[in-house]
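Number of protein chains: 2
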Amino acid sequence: MTDSMMTIGEMCESYGVTPRTLRFYEAKELIFPIREGQKRLFIKSDRARLKLILQGKRFGFSLEEIRQLLNLYSLGDQQTTQLTKTYELGLERLRDMETQREELTEAIADLRDRLQWGETVLADRGVKLAAE
Amino acid sequence: MTDSMMTIGEMCESYGVTPRTLRFYEAKELIFPIREGQKRLFIKSDRARLKLILQGKRFGFSLEEIRQLLNLYSLGDQQTTQLTKTYELGLERLRDMETQREELTEAIADLRDRLQWGETVLADRGVKLAAE
DNA sequence: CCTCCACCTTACGTTAACGTCAACCAAAGG
DNA sequence: CCTTTGGTTGACGTTAACGTAAGGTGGAGG
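Here the protein sequences line up with chains A and B, keeping their order.
End of the first sequence sits at 264 in our numbering; the numbers just go up one at a time, nothing left out.
End of the second sequence sits at 264 in our numbering; the numbers just go up one at a time, nothing left out.
In structure tokens, the structure reads:
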């Protein structure tokens with residue numbers, strides 16, 4: 133109704149996933165769409181979470197790890213103990229991601245060198261590459 | 133013999149993997165250890181490849197994608213056509229990795245904010261965090 | 001000679017993350 | 001009223017990336 137509500141189909145269209153995927157994520161408690169009768173309805177926060185899920189997957193996190201991280205994004209009225217654990221978990225993840233970024237930076241530089249080399253080899257063999 | 137040769141056990145020790153993993157990678161044609169009778173022997177280039185494999189996995193690449201990438205790291209006397217394809221594949225991966233790096237940078241900043249916020253909340257509740 | 005150890009192959013088991021299929025409901029349109 | 005459209009819940013299938021268990025080999029040491 134209000135355009136803040138989306139059906140499962142619209143969600144799939146928007147984010148390039150299948151219904152099965154969204155239902156699966158719900159079953160794994162990564163998202164919590166509300167129900168109108170039988171049907172699922174997704175609101176803004178669901179979309180925010182989904183974005184984070186898809187991003188997390190690109191970084192190589194498992195769905196379970198992502199589920200933990202998502203709690204960081206909906207911190208509210210939890211017990212202090214739980215909150216502290218979540219915080220520390222977040223710190224760990226942050227270190228992970230920073231490490232990963234450094235490695236990625238190196239790997240990119242490396243790959244770039246290889247490609248440069250490949251270019252010259254191909255040039256030597258008289259191959260014209262699509263200029264870009 | 134020469135310390136440039138390593139047994140499967142030594143490899144596992146060095147890189148924190150299981151024998152099964154190395155045999156699996158060989159079966160998938162990601163590494164090509166030489167044989168002394170039955171036994172596998174790993175030389176320097178095998179170790180270089182293994183490093184790249186493990187790194188690639190951290191970036192979320194599948195073994196099959198990694199296998200493609202590895203060809204870039206052993207370009208030699210292949211046909212020019214194949215070489216060109218490999219080169220273009222490498223370019224694609226490079227774009228992927230650069231994109232991933234940007235996203236990762238954003239995600240890190242984001243997570244950092246959350247943690248900062250979490251810190252203040254915990255501080256308000258009188259929780260002392262391990263200073264670092 | 002026997003045993004242990006490190007390695008081997010073959011083959012079936014496992015987990016994550018969905019895909020696919022069957023059978024069902026409910027609102028909307030012709 | 002019937003059919004289409006878009007959703008639902010099981011339940012079983014699939015792929016990647018290994019784990020694991022069973023049984024076999026070859027050399028070193030007691």
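Glycine included, every Cβ here is placed at the ideal spot set by N, Cα and C.
Along the beta strand (DSSP E) that carries residue i, what are the first and last residues, could you check?
i, result
"glutamate 168/B", "166–168"
"arginine 257/B", "Looking at the DSSP string, arginine 257/B is not in any beta strand (DSSP E), and its letter there is neither H nor E."
CA-CA distance, residue i and residue j?
i, j, result
"threonine 134/B", "asparagine 203/A", "Low local confidence applies: a pLDDT of 47 at threonine 134/B is under 50, so the model's placement there is unreliable, and no value is given."
"threonine 266/B", "threonine 139/B", "Within the shown structure, residues of chain B are numbered from 133 to 264, placing residue 266/B beyond reach of any answer."
"arginine 167/A", "phenylalanine 174/A", "9 Å"
"serine 206/A", "valine 259/A", "54 Å"
"arginine 246/A", "leucine 182/A", "36 Å"
"arginine 172/B", "leucine 186/A", "40 Å"
"serine 136/B", "glutamate 224/A", "36 Å"
"arginine 152/B", "arginine 227/B", "33 Å"
"aspartate 242/B", "leucine 236/B", "10 Å"
"glycine 169/A", "serine 146/A", "23 Å"
"glycine 141/A", "tryptophan 249/A", "47 Å"
"phenylalanine 164/A", "glutamine 214/A", "20 Å"
"lysine 176/B", "methionine 143/B", "11 Å"
"leucine 275/A", "arginine 257/A", "There is no way to answer for residue 275/A, as the model of chain A reaches only from 133 to 264."
"leucine 154/B", "glutamate 196/A", "27 Å"
"glutamine 200/B", "glutamate 161/B", "10 Å"
"phenylalanine 156/B", "glycine 148/B", "15 Å"
"glutamine 238/A", "threonine 150/A", "The residue you asked about is not glutamine; residue 238/A is glutamate in the sequence shown. Going from the Cα of glutamate 238/A to the Cα of threonine 150/A covers about 35 Å."
"serine 194/B", "aspartate 178/A", "28 Å"
"alanine 159/A", "leucine 261/A", "48 Å"
"alanine 180/A", "isoleucine 240/B", "16 Å"
"arginine 108/B", "arginine 244/A", "Given a span of 133 to 264 for chain B in the structure shown, any question on residue 108/B remains unanswerable."
"isoleucine 198/B", "isoleucine 198/A", "24 Å"
My output table needs one value for residue i: the three-state DSSP class, helix, strand or coil.
i, result
"arginine 225/B", "helix"
"arginine 152/B", "helix"
"leucine 162/B", "coil"
"methionine 143/A", "helix"
"methionine 138/B", "strand"
"methionine 133/A", "In this prediction, methionine 133/A has a pLDDT of 42, which is less than 50 and means its spatial position is unreliable; what the coordinates show is noted afterwards. Note: methionine 133/A maps to coil in three-state DSSP."
In the DSSP assignment, the alpha helix (DSSP H) including residue i goes from what residue to what residue?
i, result
"leucine 261/B", "First-last for leucine 261/B: undefined, no H or E at that position."
May I ask you to verify whether the segment 182–193 of chain B touches the segment 228–246 of chain A, counting CB pairs closer than 8 Å and requiring at least 3? yes
Assess, as a yes-or-no matter, whether the segment 215–224 of chain A is touched by the segment 245–261 of chain B under the definition of 3 or more beta carbon pairs within less than 8 Å. yes
Please go through the segment 177–241 of chain B and give each complete beta strand (DSSP E) segment of 3 or more residues, from N-terminal end onward. none
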